[in-house]
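Comments concern the structure below.
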Amino acid sequence: MRFLIASSATGGHIYPALAVADAIRRRDADAGILFVGASDEIGRDIVGDAGYEKVLIDASGLDRRNPVRAAKSVHNFFRSGVQVKELLKDFSPDAVLGMGGYVIGPVAREAYRMGLRVFLQEQNVLPGLANKFSERYADRVFLGFEEARAHFHDPEKLMVTGNPVRAAFADAAARAGEIRERFGIGEGEQAVLIFGGSQGADAVNAAGLDVAERLAPRGGVRIFFITGQRLYGVIEEALVLRYGEVPESVSLLPYADAIYEYYAAADLIVARSGALTVSEIAACGRASVLIPSPNVTNDHQYYNARVLSDLGAARILRDPDTRGGALAAEIETLLADPAALEKMADAARTLARPDAADRIVDELFGSGPA
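According to this note's numbering, the sequence shown is numbered sequentially starting from 1.
What follows is the structure, given as structure tokens:
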């Protein structure tokens, strides 16, 4: 069988897409898989690095605040439709899967018009504009969270699968003891992971620096601080100015390819609350402090965070609430009660959906031509 997967290049969309692609390959090593992205993508070719083929089309996001850009987006939508039509004829997929981002609009529309079966996956509690627009073309919409049901129109199309998470997260959690030993986390030591996403986040980095400065001297706590490339040098310089060097208890990294190992090693995770991060925390079963990004549409990261918070698995802090030592104080309070941390971790595990990718693939393989 052959599958076309459309996705934006952001980690929150592309990593779940790769998890599904890997599940397809486990089911059928000879399956044809082609990714479709937007020509304005920047950054690493994560799909290519994973060994999959990708083509780009001239799709672009809709900026309703700027009439010129909005007009260009509409033009690109129809232009990319022509590209997609040719692509679908050449590749002839058995099913089309949209994993999020504006690229799925023209792909879903043309696939539907050609009589192909169309599937969508929505990672967030509050759906993105592209998925809400493309629901009309879909045979099935896979939801990351039960709470997303209320934001779609046709309940018959909806299926709660959870978000596809790379198997490496659950595998790492099962090896947590070995990973902690390899990372040099001593017996009785606690570990905190702080990160603001692949690019880093200014507010998380500023609060994380305060945490590192406050907790480094006290002993008994290892801090894994992933800053993003952009601000790594600034954070490093600040710690060197304070202590003469980066303290031994602080592991400062610009990026971590095997971030699942840091999840597994941590007793507490401090992060933004993108849908994939929330699902990865659940997959590893870890307590967390979640800091929703204020720079996202409809404050959707807050609603993602609420899923864990309502279970008692996470604390939520807004950006202003992390300042002036407040995040450090919150972390100290949580670390002082290991039993409460474990209870939070247990609650997070109840949200884990380790079979999410396989459930989606079950549906895809059941989809012959319409």
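Just so it is clear, CB atoms sit at the ideal spot from N, CA and C, and this is done for glycine as well.
The model shown is predicted, which means the values in this text are computed figures rather than measured ones.
Would residue i and residue j qualify as a contact pair, given that the criterion is a beta-carbon distance under 8 angstroms?
| i | j | result |
| --- | --- | --- |
| residue 239 | residue 212 | yes |
| residue 262 | residue 286 | no |
| residue 16 | residue 163 | yes |
| residue 160 | residue 152 | no |
| residue 323 | residue 207 | yes |
| residue 41 | residue 21 | no |
| residue 19 | residue 118 | no |
| residue 328 | residue 154 | no |
| residue 4 | residue 34 | yes |
| residue 292 | residue 279 | no |
| residue 134 | residue 108 | yes |
| residue 39 | residue 100 | no |
| residue 185 | residue 265 | yes |
| residue 319 | residue 150 | no |
| residue 347 | residue 326 | no |
| residue 289 | residue 317 | yes |
| residue 260 | residue 228 | no |
| residue 341 | residue 311 | no |
| residue 103 | residue 36 | yes |
How far does the alpha helix (DSSP H) with residue i in it extend, from its first residue to its last?
| i | result |
| --- | --- |
| residue 361 | 356-365 |
| residue 48 | 46-49 |
| residue 33 | Looking at the DSSP string, residue 33 is not in any alpha helix (DSSP H); the run it does join, the beta strand (DSSP E), is 32-38. |
| residue 307 | 300-309 |
| residue 238 | 229-243 |
| residue 191 | Where residue 191 is concerned, there is no enclosing alpha helix (DSSP H), although the beta strand (DSSP E) it sits in stretches over 190-195. |
| residue 257 | Careful: residue 257 lies outside any alpha helix (DSSP H) and carries neither H nor E. |
| residue 13 | 11-27 |
Where does the unbroken beta strand (DSSP E) through residue i begin, and where does it stop?
| i | result |
| --- | --- |
| residue 122 | 118-122 |
| residue 173 | Careful: residue 173 lies outside any beta strand (DSSP E), inside the alpha helix (DSSP H) at 167-174. |
| residue 98 | 95-98 |
| residue 268 | 268-271 |
| residue 288 | 287-290 |
| residue 2 | 2-6 |
Please report the straight-line C-alpha distance between residue i and residue j, rounded to a whole angstrom.
| i | j | result |
| --- | --- | --- |
| residue 54 | residue 132 | 24 angstroms |
| residue 215 | residue 120 | 44 angstroms |
| residue 181 | residue 170 | 18 angstroms |
| residue 338 | residue 235 | 29 angstroms |
| residue 71 | residue 223 | With a pLDDT of 47 at residue 71, under the threshold of 50, the modelled position of that residue is not reliable, and the figure given next carries that caveat. Taking the straight line from one Cα to the other gives about 47 angstroms. |
| residue 173 | residue 284 | 5 angstroms |
| residue 269 | residue 49 | 27 angstroms |
| residue 297 | residue 124 | 11 angstroms |
| residue 250 | residue 225 | 7 angstroms |
| residue 111 | residue 88 | 7 angstroms |
| residue 217 | residue 248 | 10 angstroms |
| residue 68 | residue 25 | A caution first: residue 68 carries a pLDDT of 44, below 50, which makes its placement in the model too unreliable to give a value. |
| residue 81 | residue 23 | 28 angstroms |
| residue 157 | residue 143 | 10 angstroms |
| residue 369 | residue 28 | Legend: pLDDT at residue 369 = 42, less than 50; position of this residue unreliable, value from coordinates given subsequently. One C-alpha to the other measures close to 18 angstroms. |
| residue 305 | residue 295 | 15 angstroms |
| residue 303 | residue 126 | 7 angstroms |
| residue 13 | residue 45 | 13 angstroms |
| residue 362 | residue 300 | 29 angstroms |
| residue 309 | residue 193 | 18 angstroms |
| residue 321 | residue 85 | 49 angstroms |
| residue 75 | residue 336 | In this prediction, residue 75 scores a pLDDT of 49, lower than 50, which makes its location untrustworthy; no coordinate-derived value is stated. |
| residue 343 | residue 32 | 43 angstroms |
| residue 105 | residue 333 | 46 angstroms |
| residue 221 | residue 179 | 16 angstroms |
| residue 371 | residue 113 | Because the chain is modelled from 1 through 370, residue 371 falls outside the range shown and cannot be assessed. |
| residue 183 | residue 245 | 19 angstroms |
Hey, is residue i close to the ligand GTP, as in C-beta under 7 angstroms from one of its heavy atoms?
| i | result |
| --- | --- |
| residue 95 | Of the ligands one can find in the structure shown there are none, so the ligand GTP has no counterpart to examine. |
Which partner residues of residue i appear in the DSSP bridge assignment?
| i | result |
| --- | --- |
| residue 53 | 34 |
| residue 251 | 224 |
| residue 143 | 122 and 160 |
Where does residue i sit, in a helix, a strand or coil, going by DSSP?
| i | result |
| --- | --- |
| residue 158 | strand |
| residue 316 | strand |
| residue 83 | helix |
| residue 246 | coil |
| residue 295 | coil |
| residue 216 | helix |
| residue 279 | helix |
| residue 107 | helix |
| residue 134 | helix |
| residue 102 | coil |
| residue 41 | coil |
| residue 351 | coil |
| residue 337 | coil |
| residue 151 | helix |
| residue 208 | helix |
| residue 331 | helix |
| residue 184 | coil |
| residue 177 | helix |
| residue 114 | coil |
| residue 345 | helix |
Taking Cβ positions only, does residue i come closer than 8 angstroms to chain B?
| i | result |
| --- | --- |
| residue 182 | The structure shown contains no chain B; it is built from a single protein chain. |
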